[in-house]
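Residue numbers (the numbering used here): 43 to 221.
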């Protein structure tokens, strides 16, 4: 039988026979869900990891972990049906690293901002990050239309990895604990 693209999307790098499509749906939902549940248990350990690594290094570790996972997911997808375990590992890494950033950056922002400005700083942070996400979605869609989905996903992953340079070259990386 002719190959069918997985998940109803025709990416050129994921081609599956129709018999494997059901396996993709079942595994694609259950394996990342188990990995996500495991990463949620890791989120509860953010405090001990942060004490061990230091706040700055924890934030940097998240940036690098998520950048590597985001770059690795499309690369692992080149393996086709053999990639399920590796994709689950990449998602677990992402789920493991993300709470490190969220918890530590929010704590750092809240504890270093004067109380009377905290609402404004939080609103500005959300406006910038959530607003940039919408613009990024639009740009990502336009780029994917012109160069294809796979190269766009690689560029996006490398962009996330490059974003860690903001942390590397800032004073945040040297923080052992929140002042």
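Heads up, the beta-carbon is just placed ideally off N, CA and C, and yes, glycines get one too. Given the structure is predicted, the values throughout are model-derived calculations rather than measurements.
Item                                                                                                                                      : Value
Thinking residue 194 and residue 204 are a contact (beta carbons under 8 Å), I'd like their distance in whole angstroms, please.          : Actually they do not touch by this definition, with Cβ atoms about 15 Å apart.
Have a look at residue 140 and residue 188 and give me their C-alpha separation to the nearest angstrom.                                  : 30 Å
With respect to the alpha helix (DSSP H) encompassing residue 169, which residues constitute its N-terminal and C-terminal limits?        : 160-189
Measure the alpha-carbon distance for residue 184 versus residue 177 and round it to whole angstroms.                                     : 11 Å
Could you check the C-alpha separation between residue 182 and residue 175 for me, to the nearest Å?                                      : 10 Å
For residue 90, is the classification buried or exposed, using 16 other Cβ atoms within 10 angstroms of its Cβ as the cut-off for buried? : exposed
Once the 5 residues before and after residue 118 are set aside, which same chain residues still bring their CB inside 8 Å of it?          : 125, 128, 129 and 132
Taking DSSP as the reference, what is the three-state secondary structure of residue 122?                                                 : helix
Quick check on DSSP: helix, strand or coil for residue 127?                                                                               : helix
Beta carbon of residue 98, beta carbon of residue 214: below 8 Å?                                                                         : yes
Using only the alpha-carbon positions, how far apart do residue 192 and residue 100 sit?                                                  : 30 Å
I need the straight-line Cα distance from residue 217 to residue 94, nearest angstrom please.                                             : 12 Å
Along the alpha helix (DSSP H) that carries residue 92, what are the first and last residues, could you check?                            : 88-95
Tell me whether residue 115 is buried or exposed, calling it buried when 16 or more other Cβ atoms sit within 10 Å of its Cβ.             : buried
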